[in-house]
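Visitor:
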Amino acid sequence: MPAYATTMRIKFPVLALGLEVVTILLFALFAEYDDGKGHGHHPEPGNSTPPHAAPEDPMSLYPMFQDVHVMIFIGFGFLMTFLKRYGFSSVGGNLLLAAFGLQWGLLTQGFWHLTDGKIKINIFKIINADFSTATVLISFGAVLGKTSMVQLLIMTVLEIGIFAINEHLVANVFEANDVGASMIIHAFGAYFGLAVARVLYRPGLKNGHENDGSVYHSDLFAMIGTVFLWMFWPSFNSAIAEPGYTQLMAVINTYLSLAACVVSAYAISCLVEHKGKLDMVHIQNATLAGGVAVGTCADMNIGPFGAMLIGFVAGIISTLGFKYLSPILAAKLGIQDTCGVHNLHGMPGILGGLAGIVAVALGKKDGKAAMQAAALASSLGFALVGGVITGFIMKLPFWAQPPDQNCFDDSIYWEVPEEEEEHEESLTAEHYKNKAEV
Amino acid sequence: MPAYATTMRIKFPVLALGLEVVTILLFALFAEYDDGKGHGHHPEPGNSTPPHAAPEDPMSLYPMFQDVHVMIFIGFGFLMTFLKRYGFSSVGGNLLLAAFGLQWGLLTQGFWHLTDGKIKINIFKIINADFSTATVLISFGAVLGKTSMVQLLIMTVLEIGIFAINEHLVANVFEANDVGASMIIHAFGAYFGLAVARVLYRPGLKNGHENDGSVYHSDLFAMIGTVFLWMFWPSFNSAIAEPGYTQLMAVINTYLSLAACVVSAYAISCLVEHKGKLDMVHIQNATLAGGVAVGTCADMNIGPFGAMLIGFVAGIISTLGFKYLSPILAAKLGIQDTCGVHNLHGMPGILGGLAGIVAVALGKKDGKAAMQAAALASSLGFALVGGVITGFIMKLPFWAQPPDQNCFDDSIYWEVPEEEEEHEESLTAEHYKNKAEV
Amino acid sequence: MPAYATTMRIKFPVLALGLEVVTILLFALFAEYDDGKGHGHHPEPGNSTPPHAAPEDPMSLYPMFQDVHVMIFIGFGFLMTFLKRYGFSSVGGNLLLAAFGLQWGLLTQGFWHLTDGKIKINIFKIINADFSTATVLISFGAVLGKTSMVQLLIMTVLEIGIFAINEHLVANVFEANDVGASMIIHAFGAYFGLAVARVLYRPGLKNGHENDGSVYHSDLFAMIGTVFLWMFWPSFNSAIAEPGYTQLMAVINTYLSLAACVVSAYAISCLVEHKGKLDMVHIQNATLAGGVAVGTCADMNIGPFGAMLIGFVAGIISTLGFKYLSPILAAKLGIQDTCGVHNLHGMPGILGGLAGIVAVALGKKDGKAAMQAAALASSLGFALVGGVITGFIMKLPFWAQPPDQNCFDDSIYWEVPEEEEEHEESLTAEHYKNKAEV
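Protein chains in written order, with our numbering: chain A, 13 to 450; chain B, 13 to 450; chain C, 13 to 450.
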């Protein structure tokens, strides 16, 4: 593709400002503060079944919201800074996509739940808006380094729209349980992103790219993301659970699942690596699979032991996925999954959906289990079809996509400071070159 | 200035220990725990009008307090680590100034609101104490890299004292609304710092300084500050709002204003930069202007749409300020504003004050709008006059200020570890120099 | 020791998976969710005296829990990343030990407080589980860089077991007050770790190690840990305090103690260092000593002034300890304390215990003061004896311990990315070497 296509100078501002102006107009027409009137008549948007009334104190969910907020903006943002020269795009792109996405998510989710023709904004709704952006940030991980911000904004608009449809179907039509969103966020976001990545397949990168890797300090930045995601995941899985002991159960299940997952991820990482060394890619990602996998049944009475078992298995599957499956997906299926979202969100998300089916089948009537299965199928179906369509739109040749040689490199879209050391080094080299040649 | 003046060995410990001992004595005389008795009789210090009674649970504001605490210590601290060799001074100086400042703020604010001759400490008061330090941290940004910790401690003492006077005037005399402190913290802190910077003008730096810039990883450290400020700003603007739906409104307005601000800041950054690249300086700072600008009217019924409009405009103004106005201020007015606080806190703070006047004028009686205007004028007046006086005191030639060539360099005040690479490189250079010369 | 002993390939996975499987089985047998029934009959495990009933809302402590969680995983984890080439082991090892430790702590603490033969898990219990891991993380600091993960897992199992015995003794037999755990966590963890470090003494490191130091950016990563610990310490010291005004008092005392401690630590650091420069080691650690030292009496009516005095003294003692005592301990007693935990947790922990004795003696009956003294003696005794025994077990020659020359180096246990710059540099060097030799 010709080099001039890569500048975002006009395309990006026009698209971003245009989207924002339209969004503000839609808010002017449809959005209001929730004043606490009319509660109980219209069920809240959400993933828990049965829907529950909003709590009386309008701020009671606020600490939970802030935990989720940290996961979205610090957690996802820094997790992706592991690449050596793509940190600005990772944490900066994450901020842009999530900031726009949450506005868009408020609208697309809100349109399914109008009260007197209006979207009544409250803490519950902004938690769900933050949730909706998580799908995009997961998909972002699959295509990280190989897309422009123009393409990513388009993906944000489409993916959140499709998410809102599937979420409505799962929560309100199937009335399936997915309190921690293993299916509707994690599996959905992962397979959507993998479908996009497949469509955007770059043969030129099949032998790798020199910038598609980490340096020492970029791996430490990524650990900031990992640890904040890990710590606040109990809030993610319990934020919209039924208040009281159900919410407590969601917290405890997630806390224990994640703890067990860390141990199995470390153990397997050491076992499968040459010389028994731990691999930062596994530690940064597979330690979180327990949070994903326990999501669907976090608020069910699976027992502390059951939660730990789910996390333990998720840590193993995820680590093995990074080691053995990702190379196969890239080489055989043309799916270049930069962050390995298939291992962190895809397989553990499906595991979570399956665990939910089993837990519901053991605990309730069979019809409910069928609805859980329908929810999983729906989430995967919308993700794959939506991802393929979105991928083809993103592939149109005028969205400033980077050439292969500029992938994984901030400097194509960002002013990047010159490194003093490098500068000095090249001076030095020049100096001694001259010396040597004299 | 002679080189020996720069050592802090005696001056700094004497000043710091002296200030702390005096502070502890004042606490012994005047400070008590709030035991919950006497509430309702004495209005709380605060910026909202009318003053509200403290909530019944003495810990109910604690999660809000912790969010604000993170903004002060992580947010402001890491935001300033963008300079390549000034990270220790940024995050370390921030910790010192804020830790001393919050004690000093408890006293200077508390003296206006004694209960039986005592300052009764509660969560509300420590939130306000943290707030008072924000003014100093904003001013610190204007003079970053060009001042010693001795000078900065003096600035802390004076600025927080002057802040407490203006805050009392605005909240209790004018009874103006400034719940998120656009005027009394952001505009005040910015113009105070700019006045100090003007007095401390260094002609020797007018052509720049090699250390007055970032490196790749220092920009990522700064993003930790940016994102934590961004995420918790809804708490900053709502912490002392009327509990219940008013507080919810303050949260939603700030959340939406910041989201819209991110999109406009990115768009304008791309538009004004050569080759359409994004500039980290804009992303680190201008994305936050929406939180500043919506501060005054965060708890007013401006509509979600109104909040987004304020954020959208703030993002544009702030980015344009960095690009076009800061160079003019430095070249023509001799205001060397290291962090660009004029663009993040100054102009958006005034925008917030003006938005507050308009919102009050549209919603209430005209007399109230005049009081809002008086609050804005008072904040700017105290800032400029206080900043000039403080600047002249800080300019006295015995406060260990750094010579021009040592500006923006931690090593003048900190033990800085030798860099292995640099060390090796110079050895290498030496080695090959010898080789080459043989 | 022979080089082949250092691989963890089989030992680590077998030990980790084995421990996790046993843990899951024990949870299956003994752990249940707390369903809110039976409260009041069985006192909660905890350090405050008298024990109080659980609050009615099962989630009311959740924000406190999350603050403590951040201290454990981000705070301790990043505080130890100051070493130039040991960041993966620090933050990664911290995650592993704490994730396994919290499960183990739930069991070992829970066995002392069974309800109908079961451990009923609630937020109070997971806060205490997180607390139990802090002892291990403190001890980890003493032996950082000189132990394998196999050794550290063994230490985790033993130390948390011994902690649970001492904690039961202090809280339920002596009924001593230690709400912020100066004695049972900080002093215990420090002296346990120092005893282990003494047993594992490495004469080969007595002249230092080239990797036993920081680089510029590793010191900034460590400040992330410092600041998060500093900010959330009020939650650590108040999380299990009596709700209401007692909890408020614990927050205020810790907030003020830490603030005063920062000022004295900075002042003394500047005073004792050559040329009056600040030392990052002091700033990263001694600024936190005020949180440790005020722990025991945080919930007592010591007055804001009393809390500040404790913090002020702690900051001085801790900084002087780093400067003068640590070198003596290493040279004369063979205690190589990598992170200086004696200065941050050891001495300030004893100071806290002593302050508690004084505060109780002044405020209550003498018998109570004797119990406080017994609690301090018990904590130190269990720590030293337990640490020595644990040290000898860890010294057995088949736990994959690193040879001296590989200490403080991630690459023995982790896949470490090659640094681009270094790589290029060596290429360059090679290149010019060839040039020069032609």
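Virtual Cβ for every residue (Gly too), placed ideally from N, Cα, C.
1. Determine the extent of the alpha helix (DSSP H) in which B/Ile177 is found, giving its start and end residues.
2. Check whether the Cβ atoms of C/Thr299 and C/Ala279 lie closer than 8 Å to each other.
3. Shorter than 8 Å from the beta carbon of A/Ala43 to some beta carbon of chain B?
4. Leaving out the 5 sequence neighbours to the left and right, which residues in its chain are closer than 7 Å to C/Gly153 when beta-carbon positions are compared?
5. Quick check: the Cα distance between A/Ala40 and A/Pro255, rounded to an integer number of angstroms?
6. Relative to chain A, which residues along the region 334-360 of chain B have a C-beta separation below 7 Å, given in chain order?
7. Quick check on the burial criterion: 16 or more other C-beta atoms within 10 angstroms. Buried or exposed for B/Asp128?
8. Expressed to the nearest angstrom, what Euclidean distance is found between the alpha-carbon atoms of C/Leu6 and A/Gln413?
9. Looking only at its chain, what residues have a beta carbon closer than 8 Å to the beta carbon of C/Val325, apart from the 5 residues adjacent to it on each side?
10. Can you look up A/Thr350 in the DSSP assignment and give me helix, strand or coil?
11. I need the straight-line Cα distance from A/Pro63 to C/His125, nearest angstrom please.
12. Using the Cβ count rule (16 or more neighbours within 10 Å means buried), how would you classify B/Phe404?
13. Have a look at A/Thr147 and B/Leu108 and give me their C-alpha separation to the nearest angstrom.
14. What does B/Thr93 touch in chain C if you count any residue whose Cβ is under 8 Å from its own?
15. So with Cβ pairs under 8 Å, would you call B/Phe240 a contact of chain C?
16. Using CA coordinates, which residue listed in B/Leu321, B/Ser247 and B/Asp224 is at the minimum distance from B/Ala272?
17. Excluding the five sequence neighbours on either side, which residues of its own chain have a C-beta within less than 6 Å of the C-beta of A/Ala2, listed in chain order?
18. Which partner residues does A/Ile133 have in the DSSP bridge list?
19. Applying a beta-carbon distance threshold of less than 9 Å, which residues of chain A neighbour B/Cys419?
20. Rounded C-beta distance between A/Leu27 and A/Val162? I'm assuming under 8 Å.
21. For C/Ala251, which option in C/Ser423, C/His81 and C/Gly220 has the closest C-alpha, if you only look at C-alpha atoms?
22. Can you tell me which of the three DSSP states B/Thr19 falls into?
23. Consult DSSP for C/Thr127 and reduce its assignment to one of helix, strand or coil.
24. Does B/His229 come within less than 8 Å of chain C when only Cβ atoms are used?
25. Suppose contacts are defined by Cβ-Cβ distances below 8 Å. Is C/Ala43 in contact with C/Ile84 by that definition?
26. DSSP three-state label for B/Asn446, please.
27. Could you check the C-alpha separation between A/Gly358 and A/Leu345 for me, to the nearest Å?
28. Here's a check: name, in chain order, each residue in its chain whose Cβ is nearer than 8 Å to the Cβ of B/Ile131, leaving out the five neighbours to either side.
29. Use the C-beta contact count for B/Ala141: other C-beta atoms within 10 angstroms, 16 or more gives buried, fewer gives exposed.
30. Could you tell me the distance, in whole angstroms, from the CA atom of C/Val397 to the CA atom of B/Ile295?
31. With respect to the alpha helix (DSSP H) encompassing A/Pro246, which residues constitute its N-terminal and C-terminal limits?
32. Can you tell which of B/Asn355, B/Val293, B/Ala188 and B/Arg210 has its C-alpha closest to the C-alpha of B/Met235?
33. Just verifying my parser: in three-state terms, what is the DSSP assignment at B/Trp426?
34. Classify B/Leu332 as helix, strand or coil using the three-state DSSP reduction.
35. Is A/Val34 close to chain B, meaning its C-beta is less than 8 Å from at least one C-beta of that chain?
36. Closer than 8 Å, CB to CB, is C/Ala98 near chain A or not?
Guide: Let's see:
1. Met161 to His180
2. no
3. With 8 Å as the cut-off, A/Ala43 counts as an interface residue toward chain B.
4. Met92, Gly205, Thr350, Cys351 and Val353
5. 32 Å
6. Across the region 334-360 of chain B, no CB contact with chain A closer than 7 Å is found for any residue.
7. It is exposed - the Cβ of B/Asp128 has fewer than 16 other Cβ atoms within 10 Å.
8. A question about residue 6 of chain C goes unanswered here, because the residues of chain C that appear run from 13 up to 450.
9. Taken in chain order, the residues that qualify are Ser276, Ala305 and Leu363.
10. coil
11. Note that A/Pro63 scores a pLDDT of 40, beneath 50, so its modelled location is shaky; the value from the coordinates is reported in the next line. Cα-Cα distance, rounded: 36 Å.
12. exposed
13. 40 Å
14. Against chain C, the beta carbon of B/Thr93 has neighbours under 8 Å at Leu232, listed in chain order.
15. no
16. The shortest C-alpha separation from B/Ala272 is found at B/Leu321.
17. It is not possible to answer for residue 2 of chain A, since the shown part of chain A is limited to 13 through 450.
18. A/Ile133 is bridged to A/Tyr45.
19. Going along chain A, no residue has its Cβ under 9 Å from B/Cys419, so there is no contact; the nearest lies around 16 Å.
20. 6 Å
21. C/His81
22. coil
23. strand
24. yes
25. no
26. With a pLDDT of 41 at B/Asn446, under the threshold of 50, the modelled position of that residue is not reliable, and no figure is offered here.
27. 16 Å
28. Phe42, Ala43, Glu44, Leu118, Leu119, Gly122, Phe123, His125 and Lys137, listed in sequence order.
29. buried
30. 54 Å
31. That run of the alpha helix (DSSP H) goes Tyr228 to Ser250.
32. B/Val293
33. strand
34. helix
35. no
36. For the sequence presented, residue 98 of chain C should be read as Tyr rather than Ala. Not one chain A Cβ lies under 8 Å of C/Tyr98.
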